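Residue numbers for the sequence shown follow my numbering, so the first one is 1 and each next one is one higher.
Reviewing the structure listed below.
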Amino acid sequence: MHFRRMGAAGAWLVACAMLAAASFPFLAAERAARQNDARVARLQRDLRESRDGLGELDPALSLRVARLQGLLSSWETLGGCGAGSSTGAGGGIKWIGRSVSGGLFQLQSLATYTHLSDGYNVSFNTQVSRDLGEKWNVGLSVPLLYKYYYDYYTDVASGTVDISNAGVGDVAGFLTRRFGEINDTTLTLLVAAPTGANDAKFRTIPLTQEKQLGLGRINGSLTLDHTLDKTWGLIVLGGSFGYRGGQNEFGNYRAPAGSVYGYTGYFAGKWVPSLGLSLSHFFGADRDRGLDQEVQLWAVTGTVAVEWANDDVAVLAGFSLPFGWDKRGVVDGAASGTADAGLQPWTAGLGVTLSPF
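Spelled out as C-alpha cells, the structure:
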C-alpha cells in the first residue's frame with residue numbers, strides 16, 4: 001500500500017512539474033501581451049471607422065485574422081483511426097502553426113510510428129476538408145494502418161512467429177464550427193463509421209482488439225479549441241471527449257475517454273517550434289471478449305514539434321511521450337487495481353499539408 005501511494009504521489013509531482021514548465025513562457029510574456037492587446041484594440045476601433053486601406057475589410061474580421069490567416073485551422077490526429085487509436089484521449093501531435101490556403105480544398109496527411117513493447121504500429125491518416133463560408137468547415141479522414149507484433153505465437157516446428165495486420169481503419173467525417181469575432185474558438189464533431197475490420201484471426205485464434213483495424217461500432221469525438229495569439233506566437237487550449245464505440249458483437253469494450261490540453265508555438269520566420277502538454281483519462285478499463293485488459297486510466301503526455309511552411313506547402317515533425325498511472329485490468333488471471341506508474345509507448349510523426357487547385 002505504501003508503494004502505491006508513493007507511485008501515485010510521484011506521478012502527480014511529475015504532472016505538476018511538466019505543467020509548470022509548459023506554463024512558464026505564458027506567464028513570462030503575459031505582461032507585454034496585455035499592453036499589446038490594448039494597443040491593437042484601439043487600432044481596430046480606428047480601422048472600423050475608416051474607409052481606407054484595411055478599414056474596408058469585413059467588420060467581423062480584425063488585424064489578428066489578417067495576421068493569422070490559415071493558422072486557426074489547427075489539426076491533430078483525429079479519432080476513428082482504428083482499434084489501436086485512443087479516440088478522444090488527446091495528447092496527439094497537433095498542428096498549431098502556419099498552414100496553407102487559397103485552393104479548392106485542403107489536403108493534410110500525417111504519418112505516425114508508435115513504438116510498443118511487443119511491436120509497433122504505423123498509421124497514415126489523410127484528411128481532406130473544405131471551408132463552407134467563414135464559419136463552417138467539413139471534411140473526411142481516411143486512415144491506413146499497419147500493425148506488427150513480435151513473437152506472437154510459438155510453433156513447435158518453426159519456433160516463434162511474428163504477425164502483422166494492415167488495411168483501412170475506421171473512416172471518419174467531421175464538421176467544424178468557428179466562433180468569435182476572429183474565429184478563435186472552434187468546435188469539431190467527428191463521427192467514424194466501422195469500416196475497419198475487427199474480426200481478424202491468426203490461424204483460428206482471434207486477434208485481441210488492440211491488434212484489430214477497427215472498433216466494430218460507430219465511434220466519434222467532440223473537440224473544443226481556443227486559440228490565443230500573442231506577439232511571439234500562439235497558444236491553443238482545449239479539451240475533447242471521445243466515445244470509442246462501447247461494446248461490439250464480440251464482447252470487446254472500449255471505454256470513453258476525455259482530455260484537456262495546452263499547446264504553444266513560437267514564430268521564428270517560416271519555422272514554428274511548439275510544445276504541448278495534455279492530461280487524459282479513460283472512464284473504465286477496456287475489455288477483450290469479456291475480459292478486462294490492462295490500461296492506465298490516467299496519462300500526462302508531453303509533445304514537442306517543429307513546423308515549416310511557405311505559400312504552397314507546410315510540414316510538421318513531432319514526438320510525443322505519455323506517462324500513465326492508475327493501472328486497471330487483469331494480470332495473469334488476477335484482478336489488478338494498483339497505482340502503477342510508468343512511461344507508455346512513444347509516438348513520432350511527420351505531416352504535410354497542401355491546398356490544391
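Idealized CB from N, CA, C, for every residue including glycine.
Keep in mind the model is a prediction, meaning the values are calculated, not measured.
Give me the DSSP bridge partner(s) of residue i.
i: Q247; result: Y253
i: I182; result: In DSSP, I182 forms no bridge with anything.
i: S320; result: T303, T347
i: S164; result: Y148
i: G342; result: G324
i: T264; result: I235, L275
i: G242; result: S221, A257
i: Q296; result: K327
i: D288; result: L291
i: G159; result: D155
i: L213; result: L213 pairs with nothing; no bridge assigned.
i: A192; result: A172, N219
i: A309; result: A314
i: V352; result: S109, V315
Beta strand (DSSP E) containing residue i: first to last residue?
i: P372; result: Any answer about residue 372 is impossible in this case: the structure gives the chain only from 1 up to 357.
i: R178; result: 172-179
i: T204; result: Run containing T204: none; DSSP gives neither H nor E here.
i: R130; result: 119-132
i: L107; result: 106-116
i: L224; result: 219-229
i: W271; result: 271-282
Taking C-alpha atoms, which residue in the options lies nearest to residue i?
i: S123; options: G180, W308, V142; result: V142
i: I182; options: E134, G269, L140, W325; result: E134
i: N165; options: D199, K230, F105; result: D199
i: W136; options: L110, V168, G92, L189; result: L189
i: L279; options: E294, D286, T303, A268; result: T303
i: Y120; options: T126, K147, S109; result: K147
i: Q296; options: F323, L116, T176; result: F323
i: I205; options: Y152, D118, F319, H115; result: Y152
i: K94; options: L343, G233, Y263; result: Y263
i: T347; options: I235, S320, D340; result: S320
i: A285; options: G92, T301, W325; result: W325
i: N219; options: V300, L237, G233, A192; result: A192
i: G269; options: A157, L132, G233; result: G233
i: A255; options: I235, W298, L187, S274; result: W298
i: G276; options: N310, G159, G238, D118; result: G238
i: K358; options: A309, F282, A305; result: The structure shown has nothing for residue 358, since the chain only spans 1 to 357.
i: S274; options: G318, L343, G159; result: G318
Leaving aside the five residues before and after residue i along the sequence, list all residues of the same chain whose C-beta is less than 8 Å from its C-beta, in chain order.
i: T185; result: R178, F179, L224, D225, H226, T227
i: G290; result: G251
i: F357; result: G103, L104, F105
i: G82; result: A caution first: G82 carries a pLDDT of 39, below 50, which makes its placement in the model unreliable, though a value can still be read off. If we look at G82 and ignore the five residues flanking it on each side, its Cβ neighbours are S123, P143, L145, G169, D170, G196, Q212, L213, G214, L215.
i: L132; result: V138
i: G167; result: L144, L145, G196, A197, L213
i: R130; result: L104, F105, Q106, N137, V138, G139
Leaving out the 5 sequence neighbours to the left and right, which residues in its chain are closer than 7 Å to residue i when beta-carbon positions are compared?
i: L354; result: V100, L107, V313
i: D288; result: T208, Q209, N252
i: R217; result: P194, G245, G246, N248
i: V128; result: F105, L107, G139, L140
i: V161; result: Y152, Y153, D155
i: N310; result: K270
Could you name the residues of the same chain whose beta carbon sits closer than 6 Å to that of residue i, not counting the 5 residues immediately before and after it, in chain order?
i: G90; result: Because the pLDDT at G90 is just 49, under 50, the model does not fix this residue reliably, and the value given afterwards should be weighed accordingly. Once the five neighbours on either side are set aside, the close Cβ partners of G90 are S240, S259, Y261, S278, S280.
i: L72; result: Since pLDDT at L72 reaches only 40, below the 50 mark, its modelled position is unreliable, and no value is offered.
i: G351; result: L110, L316
i: G97; result: G265, V272, E307
i: P345; result: T114, H115, L116
i: T112; result: S123, T347, G349
i: L175; result: V138, L189
i: I163; result: Y149, Y152, F202
i: T126; result: S109, V142
i: F267; result: G233
i: T301; result: G91, S278, S320, P322
i: I235; result: L228, T264
i: D118; result: Y149, Y150
With a threshold of 8 Å between beta-carbons, can residue i be considered close to chain C, or not?
i: S101; result: The structure shown contains no chain C; it holds only a single protein chain.
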